[in-house]
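Residue 24 in numbering that gives the first Met the number 0 is what sits at position 25 of the sequence shown, and the numbering runs on without skipping anything.
Below is one structure, written out as structure tokens; the observations come after it.
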Amino acid sequence: MTSALEIRNLHVQVENTPILRGVNLTVNHGEIHALMGPNGSGKSTLANVMLGNPAYEVTDGEICFAGQNILELEPDERARLGLFLAFQYPVAIPGVTLANFLRLAINSRMKADDPDSKGISIPDFRRMMRERMDFLSIDHAFAGRYLNEGFSGGEKKRAEILQMAVLNPQIAILDETDSGLDIDALRIVSDGVNKLHEASQMGVLVITHYQRMLNYIKPQFVHVMFQGQIVESGGADLALTLEERGYDWIRERHAAAAK
Numbered sequence: 000m001t002s003a004l005e006i007r008n009l010h011v012q013v014e015n016t017p018i019l020r021g022v023n024l025t026v027n028h029g030e031i032h033a034l035m036g037p038n039g040s041g042k043s044t045l046a047n048v049m050l051g052n053p054a055y056e057v058t059d060g061e062i063c064f065a066g067q068n069i070l071e072l073e074p075d076e077r078a079r080l081g082l083f084l085a086f087q088y089p090v091a092i093p094g095v096t097l098a099n100f101l102r103l104a105i106n107s108r109m110k111a112d113d114p115d116s117k118g119i120s121i122p123d124f125r126r127m128m129r130e131r132m133d134f135l136s137i138d139h140a141f142a143g144r145y146l147n148e149g150f151s152g153g154e155k156k157r158a159e160i161l162q163m164a165v166l167n168p169q170i171a172i173l174d175e176t177d178s179g180l181d182i183d184a185l186r187i188v189s190d191g192v193n194k195l196h197e198a199s200q201m202g203v204l205v206i207t208h209y210q211r212m213l214n215y216i217k218p219q220f221v222h223v224m225f226q227g228q229i230v231e232s233g234g235a236d237l238a239l240t241l242e243e244r245g246y247d248w249i250r251e252r253h254a255a256a257a258k
């Protein structure tokens with residue numbers, strides 16, 4: 000089953016302060032979208048709301064995925080449906096290896112689908128991990144390290160891509176994955192995303208400030224968020240225009256439209 004992610008007239012606030020003011024966006028299976036915009040425009044808020052962060056209050060609208068409005072679902076339920084969020088700042092979990100974390104995630108999903116399931120066997124899990132790590136050109140020793148503890152910025156983001164490969168989502172949301180990466184790490188992480196997209200045709204929403212990540216992950220659609228709304232949409236050339244002209248013309252056009 001393939002599913003579209005549809006955001007319809009979404010309004011969100013935090014402590015009675017409006018952040019999103021009527022967002023509409025559809026990401027289909029197999030498509031790559033980029034969401035750009037200046038700081039404070041609501042991009043990361045949108046990512047957090049899609050995966051159910053309770054700090055944000057939805058006051059209107061809906062998010063539909065897999066044939067249902069997912070706003071009433073818990074984050075783990077949304078993930079089991081096929082959504083995945085790569086965090087801008089992944090947290091460290093000392094004492095829990097990356098492999099154990101991923102095996103627990105798989106078993107939790109299997110048991111949610113079938114309460115009698117015993118989960119994935121250790122040999123099957125090890126085989127799958129080796130296959131995924133080879134596919135992404137990741138050293139097998141990486142799986143034995145504590146999750147994100149002592150990881151460089153690039154290693155944290157590669158761990159996120161490995162999680163994506165293991166959990167095999169239908170729609171992946173990358174929240175400023177390029178943040179804190181040097182050019183080599185950016186290329187490696189982007190290559191992993193491209194491989195997964197090509198292999199599974201998952202839908203991808205790349206949230207970023209800058210064009211540089213889009214040099215490696217090529218979007219078919221680019222959207223610009225400003226003051227909690229998507230105010231411009233176009234093809235890949237829109238990102239190039241933003242790189243060249245910045246966001247001032249967006250601010251000016253939006254101010255003129257508001258009048």
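By construction, the Cβ of each residue, glycine as well, lies at the ideal position given by its N, Cα and C atoms.
Considering only DSSP beta bridges, list what residue i is partnered with.
i	result
N68	C63
L84	I172
H10	R20, D59
V205	A33, L173
I92	L146
If you run the structure through DSSP and keep just helix, strand and coil, what is residue i?
i	result
D123	helix
V221	strand
F134	helix
N23	strand
M0	At M0, the pLDDT of 43 sits below 50, so the modelled position is not reliable; the number obtained from the coordinates is stated separately. Here M0 sits in coil by DSSP.
L50	coil
S40	coil
N268	The structure shown has nothing for residue 268, since the chain only spans 0 to 258.
N15	coil
E229	It is Ile, not Glu, that sits at residue 229 in the sequence shown. In the structure shown, I229 sits in a strand (DSSP, three-state: E or B).
H139	helix
H253	helix
M35	strand
E5	strand
S74	Reading off the sequence, residue 74 comes out as Pro, not Ser. Correct three-state label for P74: helix.
S116	coil
E243	helix
Just tell me which of the options has its CA closest to the CA of residue i.
i	options	result
L4	V11, Q12, H28	H28
E30	T240, N193, E231, I229	N193
R250	L239, A235, I182, E231	E231
D133	T176, G179, P122, G191	G191
Y215	S199, D113, I182, E242	I182
V223	V26, K217, M212, Y246	Y246
H305	E243, L241, D236, Q226	Nothing about residue 305 can be read from this structure; the chain reaches only from 0 to 258.
A78	P89, F220, A65, G21	A65
P218	Q210, A235, V95, Q228	A235
L24	L135, M201, I229	I229
L101	V221, E71, E159	E159
V48	G233, M212, E71	E71
Q67	D112, P17, P114, R7	R7
At least one CB of chain D closer than 8 Å to the CB of residue i: is that the case?
i	result
A238	Of the protein chains in the structure, only one exists, and it is not chain D.
Could you tell me whether any non-hydrogen atom of the ligand SAH is closer than 7 Å to the CB of residue i?
i	result
Q228	In the structure on display, the ligand SAH does not appear, and there are no ligands present to speak of.
Task: beta strand (DSSP E) runs contained entirely in the stretch 143 to 197, provided each spans 3 or more residues - done: 170 to 174
Open item on the list: Does the stretch 162 to 182 come into contact with the stretch 71 to 89, if we say contact requires no fewer than three beta-carbon pairs (one atom in each stretch) closer than 8 Å?
Closed with: yes
Task: Inter-stretch contact at 8 Å, needing at least 3 Cβ pairs: the stretch 32 to 40 / the stretch 188 to 208 - done: yes
- [ ] Check whether the stretch 139 to 147 touches the stretch 51 to 65, counting contact only when three or more Cβ pairs, one atom from each stretch, lie closer than 8 Å.
- [x] no
- [ ] Inspect the CB distances between the stretch 9 to 16 and the stretch 60 to 72 and report whether three or more fall short of 8 Å.
- [x] yes
Open item on the list: Any contact between the stretch 120 to 140 and the stretch 175 to 182? By contact I mean 3 or more CB pairs, one from each, below 8 Å.
Closed with: no
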